[in-house]
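Q:
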Amino acid sequence: MAKKPDTNESGQTESGKKSGGGIAGLAIVAAASLASSFALFYFLTPPAPPPAAPCPPAAEGATAPAIKPLAQDQVYVEMKEILITIGSAPATRYLKLNVTIVTGKDSAAKVKQAEPMLIDAFNNYLRSIELSDLEDPGFYPHLREQLARRSELVVGSAASSGVLITEFLLR
Numbered sequence: 001m002a003k004k005p006d007t008n009e010s011g012q013t014e015s016g017k018k019s020g021g022g023i024a025g026l027a028i029v030a031a032a033s034l035a036s037s038f039a040l041f042y043f044l045t046p047p048a049p050p051p052a053a054p055c056p057p058a059a060e061g062a063t064a065p066a067i068k069p070l071a072q073d074q075v076y077v078e079m080k081e082i083l084i085t086i087g088s089a090p091a092t093r094y095l096k097l098n099v100t101i102v103t104g105k106d107s108a109a110k111v112k113q114a115e116p117m118l119i120d121a122f123n124n125y126l127r128s129i130e131l132s133d134l135e136d137p138g139f140y141p142h143l144r145e146q147l148a149r150r151s152e153l154v155v156g157s158a159a160s161s162g163v164l165i166t167e168f169l170l171r
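Position 125 of the sequence shown, counting from 1, maps to 125 under UniProt numbering, and the rest follow consecutively.
1) Measuring only the C-alpha atoms, how far is L26 from S36?
2) Would you mind giving the Cβ-Cβ distance between L118 and E167, rounded to the nearest angstrom? I have them listed as a contact below 8 angstroms.
3) Could you pull the start and end residues of the alpha helix (DSSP H) that E115 belongs to?
4) Would you kindly work out how many angstroms separate the C-alpha atoms of R144 and I101, rounded to a whole number?
5) From this set, L170, A159 and F122, which residue's C-alpha is nearest Q74's C-alpha?
6) Taking buried to mean at least 16 other C-beta atoms within 10 Å of its own C-beta, is residue 203 buried or exposed?
7) Taking just the CA atoms, how far does L131 sit from K80?
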């Protein structure tokens, strides 16, 4: 086993030389670090993505409508106003909601006839909503989806094309 040279308190050996690399050792470590950093950056950087192709020019007279036109046979069936308490606390907050069902002309009578069942399905869902949900602006599309799903379950997906919330008031 190699014998360690004896050092005194100042870090010098008995022969008078300091142990360690000194400035030359630090320079070698710095150069090695610099070289390895450059190599990592140079070899591991992904290549630049190819340029994107530009959009072809639109043909004259071939513009599509920005909004899909309504079907000629669509009918809007208004439901009765829904007024419901929110949360489990005493009746301090109310939700007033007017809903319109989008349907075809041939299914309007079926939707109007199923109005009590639709309102019951909507009330069951609305009673389960917490006040914090209604105060979140991102909850509104979810509310529409849930009401539309319940209308499809009650009258069938062929009769219900969607739900419009025509009035939404939280007191």
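The C-beta atom is built at its ideal place from N, Cα and C for all residues, glycine as well.
A: According to the data block:
1) 15 angstroms
2) Wrong, their Cβ atoms sit about 16 angstroms apart, outside the cutoff.
3) E115 to R127
4) 11 angstroms
5) A159
6) The requested residue 203 does not occur in the structure, where the chain is confined to residues 1 to 171.
7) 23 angstroms
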